[in-house]
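Student: Handing you a structure now.
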Amino acid sequence: MRAIPGAGTDVPIWLLGSSDFSARLAAELGLPFSFAGHFSPEGMAAMRLYRQLFKPSQTLARPHAMIGVPVVAADTDEQAHFLSTTQQLKFLSLIRGNRLPLQPPVESMDGVWNEWERSAVQQRLGAAIVGGPDTVKRELESLVAQTQADEVMIVSDFYDFSDRLRSYEIVASLKQDAGVSTRTANA
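In this note's numbering, the protein residues as written are 22 to 208.
Here you go:
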């Protein structure tokens, strides 16, 4: 028995990266580029660099880019900010070298982290989109305009699955309102 995932199919090869180097490599090879903006927000210029340096290949005639971004959507901005503390706690545990399972959201991060930790977490989550439907729509549109992304991959850390599902429902409804198709992987 031989198990080869994707055997006999034409699975496209993407270059996933979080730096100028990976953007340059994808452009040089004429491959689609997926930028890891969910943990490297300071490298957003890599998307522009990829488009500027892109060389057509047998695989791809023109650049095609995807960006990964953390999104916490809820019915209100306030609820989304509350739910986003789970993400903040996740990165805080990584910074402290004590990776924990996702933690329930907290009313306030004050007293949970020190100033240095707050700054480090906020830097890591610099591209995060957090808010109610109007805020999320505005910020997603701004992100796509800024990066010229052809696709957006949403990364969502929620303690409660129903909150995660609701976030995806909100984002999907925004895309449907704009007449854009959505594809979702298993949540």
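Where is the CB? At the ideal position from N, CA and C, for every residue including glycine.
#1: Mapping the DSSP letters down to three states, classify Val-201 as helix, strand or coil.
#2: Can you name, in chain order, every residue of its own chain whose Cβ lies under 6 Å from the Cβ of Val-142, other than the five neighbours on each side?
#3: Looking at the secondary structure, which residues open and close the alpha helix (DSSP H) in which Gly-61 lies?
#4: Who are Ala-86's beta bridge partners in DSSP?
#5: Using three-state DSSP, classify Glu-49 as helix, strand or coil.
#6: Which first and last residues belong to the beta strand (DSSP E) in which Ile-150 is found?
#7: Pairs of beta-carbons, one from the stretch 161–171 and one from the stretch 116–134, closer than 8 Å: are there three or more?
#8: With a threshold of 6 Å on Cβ separation, who are the neighbours of Trp-267 within its own chain once the five nearest residues in sequence on each side are excluded?
#9: Assuming His-59 and Val-192 make a contact with CB atoms under 8 Å, what is their CB distance in whole Å?
Tutor: If we stick to the structure as given:
#1: Here residue 201 refers to the residue found at position 180 of the sequence shown. Here Val-201 scores only 47 on pLDDT, less than 50, and its place in the model should not be relied on; the value that follows carries that caveat. The answer is coil: DSSP assigns Val-201 none of H, G, I, E or B.
#2: As a working note, residue 142 is residue 121 in the sequence shown. Gln-109, Phe-112 and Leu-113.
#3: Start at 1 with the first residue of the sequence shown, and residue 61 comes out as number 40. The amino acid occupying residue 61 in the given sequence is Ser; Gly does not appear at that position. Run containing Ser-61: none; DSSP gives neither H nor E here.
#4: On the sequence shown, position 65 is the one that residue 86 refers to. DSSP, once it has assigned bridges, lists Phe-54 as partnering Ala-86.
#5: In the sequence shown, counting from the first residue as 1, residue 49 sits at position 28. Reduced to three states, the DSSP call for Glu-49 is helix.
#6: Taking the sequence shown and counting its residues from 1, one reaches residue 150 at position 129. Run containing Ile-150: 150–152, per the beta strand (DSSP E) assignment.
#7: At 8 Å Cβ cutoff, the stretches do not touch.
#8: This structure gives no information on residue 267, because the portion of the chain shown stretches from 22 to 208.
#9: Along the sequence shown, read from residue 1 onward, the residue named residue 59 stands at position 38. Along the sequence shown, read from residue 1 onward, the residue named residue 192 stands at position 171. No, His-59 and Val-192 are not in contact; Cβ-Cβ is about 14 Å, not under 8 Å.
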